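Chains P and S supply the protein sequences, listed in that same order.
Every letter in the first sequence is one number past the one before it in this note's numbering, and letter 50, counting from 1, is 50.
Every letter in the second sequence is one number past the one before it in this note's numbering, and letter 222, counting from 1, is 222.
Ideal Cβ placement from N, Cα and C applies to all residues, glycine included.
Model, not experiment: these values are computed from the prediction.
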Amino acid sequence: MGVVHGEEMVLNIGPQHPSTHGVLRLKVKTDGEIISEITPVIGYLHRCFEKHCENVTYDQVIPYTDRCDYLAAMANNFGYVVAVEELMELKVPEKVEYIRVIMAEFQRIASHLLALGVYGLDIGAFTPFLFMLRDRERILDMFEMTCGARLLYNYMWVGGVSHDLPKGFVETAFQFLDYFEPQIEEYNNLLTHNKIFVERTADIGVLPPEVAISYGVSGPNLRASGVQWDLRRNSPYSIYDKFEFDVPVGDGGKGTLGDCWDRYYVRMLEVRESVKILRQALAQMPKDGDVHQALPKKIRPPKGSIYSRTETPRGDLGFYIESDGSPIPSRVKMRSPAFTALAVLGELAGGWMMSDVISILGSLDIVLGEIDR
Amino acid sequence: MSADQERLIAELVEKGLAGEMDEINAIEDRVLRGKVKAALAKAKRAAKAAAPKEEKLVEESPTDAPPSENPHQKFGKMIEDKFPGSLAAGLNDTHIQLKPNNWFEIAKWLKSEPTLHFDSLQCHTGMDVGENMLEARYNLHSMTHDHYIEIRIAVSRDNAKIPSTEQIWRIGDWFERETYDMLGIHFEGHRDHRRMLLPEDWEGYPLRKDYEVQETYHGIVVPKVKEGWE
């Protein structure tokens, strides 16, 4: 009998689909159940972030950055204010630096918890998602306690933060960490070593380190491929050089280096490191100090440009800011980590089964708000 | 300021320059502490300004001149040596300004040359710099050597063509499509040259400074950017 040739079929996943984590369309060419080509189509959530920035003053940009990566708004605020401060050569008080790091690390835990939980949900494990969302809720409560908002904070300002930490924050934070650390073990028992979960993720969607670097993949996705690269360690910004923490990398624990399971597990390990940083930061933070002390009266950076990077839960977030000396930025470019992570999907998903594509896409942890801007 | 105080400040500044900040930080009187810190900053600035002159003296000596610290100076010079006539402007500390013609070969060399090894295109963007010129900017980073440069290529609006680096850094594919989408710079040799974020039949390039929003799109009225606050 000769070889049977099937007909190729073009299939659309999205733009409205629960597994695409937002409004993303995947144009998929299938040969039976095997994917031969996959093209992400983006832009459904494009809100002209960069064009808006050219019409508002520097501080008015901050609320827009919230809405880019809406699952890690604190980290986006942080990235933007660090860039503007670097451009202005502004030094912020030590207490502000500590508060920012504390917020950014809590945000990292919250963002990773959602990423891990939703990833389980993609694969079909419903329970871990509820457990992780329950704990994420407590972090959001702490944010609400600090600045009144639960999702989009506009908390970090150029030169300071909007509110000082409220009374009892440090105690609440320590209580949460004491409660939270044993929970990580529970997640591991529920999901990480679950046979069904491992079968669906190990050895699937392997991303070699050279390909990852060429595609500009960063953050946990890059570290899962075995590249030890973390901006908090490699080029420390703010006060990250004061803390002791490890940079976890993937080791192919359940299959091959750089597979979906590695990308999942690196995030789980990172949560532990964030707890470590938080414990140090909360203990070392200066008791008094005015968080509004260094706020500039007028934000008017000198003429010039800057490219500044920070490590968000999703990877290297870069802001390229060009200033012409006026209070309105001449150009703001946001290099978002999820953008580069989605670009690699075409390379990763070719040759895999339809169900694996969902698994690969989920493991990249993308946020469409940040990709389309 | 009394002479006593002046002497005290001078003493403390000397200590500060030697790296002993504890004593200065322990001063109770806020005014005095401020004065000491201001004097210290001034002394440090003066020391910094004096330092480069000495370096220049060393460079003038016939022995091997030490390579200049700034990566843009250093790598700009290397590019000029390898590809003569490719620099569009003199060397400076913030970026390397190149001509568009042989950008592809230069980019390929920047990645493959073992001492440079710029394996990561961190950021790529475009800008309307006025006077009928558009500029593409590349932020390159080397993971192995941990060095970083910014490259700028200016082209005129009438002939906005730059060789594509999509086959060198794979992320260039999406980055360049976005720059084309927003500024209308064409990347020659790009294998999938389409708009990225806007619809395929959108008119104009939004990030050009003289951009005007089209009135309607497929019969839908396009909202205008509001001027000022309402």
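Residue-level contact check: M143 of chain S touches chain P, since one or more beta carbons of chain P fall below 8 Å from its beta carbon. At a cut-off of 8 Å between beta-carbon atoms, E311 of chain P makes no contact with chain S.
Leaving aside the five residues that flank K111 of chain S on each side, the residues in its chain whose CB is nearer than 8 Å to its CB run, in chain order, H117, F118, D119, I168 and W169.
Boundaries around P40 of chain P are those of the beta strand (DSSP E), I34 to V41, since no alpha helix (DSSP H) includes it.
Scanning chain S for C-beta atoms nearer than 9 Å to the C-beta of A343 of chain P yields R170, I171, D173, W174 and F175, reported in chain order.
In the assembly as shown, P114 of chain S is an exposed residue. Its beta-carbon has fewer than 16 other beta-carbons within 10 Å. Taken in chain order, the complete alpha helix (DSSP H) segments of 4 residues or longer contained in the region 70–106 of chain S are 71–82. T179 of chain S is classed as buried because its beta carbon has at least 16 other beta carbons within 10 Å across all chains shown.
For P206 of chain S, the neighbours in chain P by C-beta distance under 9 Å run, in chain order, C48, E50 and K51. For a Cβ distance threshold of 8 Å, nothing in chain S lies close to F78 of chain P: the least Cβ distance comes to about 18 Å.
Annotated three-state conformation of D69 of chain P is coil, per DSSP.
Here the C-alpha atom of L191 of chain P lies approximately 51 Å from the C-alpha atom of T216 of chain S. The residue from P:H193, P:A224 and P:M74 with its alpha-carbon nearest to that of C147 of chain P is P:M74. Of the residues assessed, H124 of chain S falls on the buried side of the cut-off, its CB having 16 or more other CB atoms within 10 angstroms.
In this structure, DSSP gives S225 of chain P a state outside helix and strand, which the three-state scheme calls coil.
In terms of beta-carbon proximity, E215 of chain S stays away from the interface with chain P, with every pair separated by 8 Å or more. Out of S:Q5, S:L32 and S:A39, the CA that lies nearest to the CA of V13 of chain S is found in S:A39. For chain P, the residues of the region 108–126 of chain S that bring a beta carbon within less than 7 Å of one of its beta carbons are D119, S120, L121, Q122, C123 and T125, in chain order.
Two segments are said to touch when three or more pairs of C-beta atoms, one from each, lie closer than 8 Å; by this definition the region 115–127 of chain P does not touch the region 86–99 of chain P.
R138 of chain P and G325 of chain P have their C-alpha atoms some 42 Å from each other. The CB of K333 of chain P comes closer than 8 Å to the CB of C123 and T125 in chain S, given here in chain order. Cα atoms of Q175 of chain P and E181 of chain P: separation of roughly 10 Å, rounded to the nearest angstrom. Rounded to whole angstroms, the separation of the alpha carbons of R309 of chain P and A18 of chain S is 33 Å. Per the coordinates, the alpha-carbon of H193 of chain S lies some 14 Å from the alpha-carbon of V41 of chain P. When rounded, the separation of the alpha-carbon atoms in Y44 of chain P and P15 of chain P is 8 Å. Cβ atoms of R314 of chain P and A338 of chain P come within 8 Å of each other, at about 5 Å.
Between R331 of chain P and M127 of chain S, the alpha-carbon positions lie close to 7 Å from each other.
Burial is judged here by how many other beta carbons sit within 10 angstroms of a residue's own beta carbon; M196 of chain S has at least 16 and is buried. Relative to the Cα of Y264 of chain P, the nearest Cα in the group P:D316, P:F319, P:I204 and P:R136 belongs to P:I204. Residues of the region 192–226 of chain P with a C-beta less than 7 Å from any C-beta of chain S: I213, S214, Y215 and G216, listed in chain order. I184 of chain P has a beta carbon lying at 8 Å or more from every beta carbon in chain S. By the criterion of a C-beta distance shorter than 7 Å, R200 of chain P is surrounded in its chain by I123 and S359, once the five residues flanking it on both sides are discounted. Membership of R309 of chain P in the beta strand (DSSP E) is indicated by the continuous run G304 to T312.
DSSP, read as helix, strand or coil, puts A75 of chain P in helix. Excluding its 5 nearest sequence neighbours in each direction, K287 of chain P has no C-beta neighbour in its own chain below 7 Å. In the three-state reduction of the DSSP assignment, L121 of chain S falls in the strand class.
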